[in-house]
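S.K.: Taken in order, the sequence shown gives residues 2 to 155; the numbers are from my numbering.
Would you mind keeping the following structure in view while I ask a few things?
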Amino acid sequence: MNSRRELDLSIDVGDPPEPYRLDDQVGFLLRRAYQRNVAIFGEAMPEAITPTQFAAMARLNERGPCSQNLLGRLTAMDAATIKGVVDRLRDRGLVVTTPDPEDRRRTLIALSDEGLALIVRAEMAGAEVSRRTVAALTPRERETLMRLLRKIAE
Numbered sequence: 002m003n004s005r006r007e008l009d010l011s012i013d014v015g016d017p018p019e020p021y022r023l024d025d026q027v028g029f030l031l032r033r034a035y036q037r038n039v040a041i042f043g044e045a046m047p048e049a050i051t052p053t054q055f056a057a058m059a060r061l062n063e064r065g066p067c068s069q070n071l072l073g074r075l076t077a078m079d080a081a082t083i084k085g086v087v088d089r090l091r092d093r094g095l096v097v098t099t100p101d102p103e104d105r106r107r108t109l110i111a112l113s114d115e116g117l118a119l120i121v122r123a124e125m126a127g128a129e130v131s132r133r134t135v136a137a138l139t140p141r142e143r144e145t146l147m148r149l150l151r152k153i154a155e
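Written as structure tokens, this is what we have:
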């Protein structure tokens, strides 16, 4: 029988693990790309709105009035975040709230006339933000990036 020392030497442990490098981590790279996108967003937006406010207004423009709960789900925001976003948009007169005619316990959120005018301008700027964010990529790389981001986000 092999001695303990011989037995330990015969075990294949594979290659040693690679050292952890922050620059090679998906979360770190996604955060850096997001920070770049937010900086471009801040430069390009015609009005002082945040990315979360823009997302809520763009979703309302796409689908029309909806409950705060649904708006949060449609924009991937938790309940506390969407409440703060809606409160700030309402305080600025960009959205209005009305009782839901089908369920008086629920409130519907809709763009105000001022909010609609702003989001039309902001969506044009938003398209430019996306173009500038991926400007260094080829068209094929852009398609691949979008496909992979959608897959990760599922």
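Even glycine gets a Cβ: it sits at the ideal position worked out from N, Cα and C.
Just so you know, these numbers come straight off a predicted model, no measurement behind them.
For the beta strand (DSSP E) containing Asp101, name the first residue and the last one.
M.R.: If you number the sequence shown from 1, residue 101 lands on position 100. Unbroken beta strand (DSSP E) run through Asp101: Val96 to Asp101.
S.K.: Start and end of the alpha helix (DSSP H) containing Asp114?
M.R.: Position 113 of the sequence shown, counted from the first residue, corresponds to residue 114. Asp114 -> alpha helix (DSSP H) spans Asp114 to Thr134.
S.K.: Considering only C-alpha positions, which residue in the set Asp16, Arg33 and Gly116 is nearest to Ala49?
M.R.: Locating residue 49 in the sequence shown gives position 48, counting from the first residue. Out of Asp16, Arg33 and Gly116, the CA that lies nearest to the CA of Ala49 is found in Gly116.
S.K.: Specify the secondary structure class of Arg109 as computed by DSSP and reduced to three states.
M.R.: As a first step, residue 109 must be located in the sequence shown, where it is residue number 108. Sequence check: residue 109 is Leu here, not Arg. Residue state, collapsed to three classes: strand.
S.K.: For Ala123 and Leu90, which I take to be in contact (beta-carbon distance under 8 Å), what is that distance rounded to the nearest angstrom?
M.R.: Taking the first residue of the sequence shown as position 1, residue 123 is located at position 122. Taking the first residue of the sequence shown as position 1, residue 90 is located at position 89. Contact flag wrong, Cβ pair sits at about 12 Å.
S.K.: Judging by CA-CA distance, which residue of Asp114, Gly73, Arg93 and Pro66 is the nearest neighbour of Pro102?
M.R.: The count along the sequence shown starts at 1 and reaches residue 102 at position 101. With distances taken between Cα atoms, Pro102 lies closest to Pro66.
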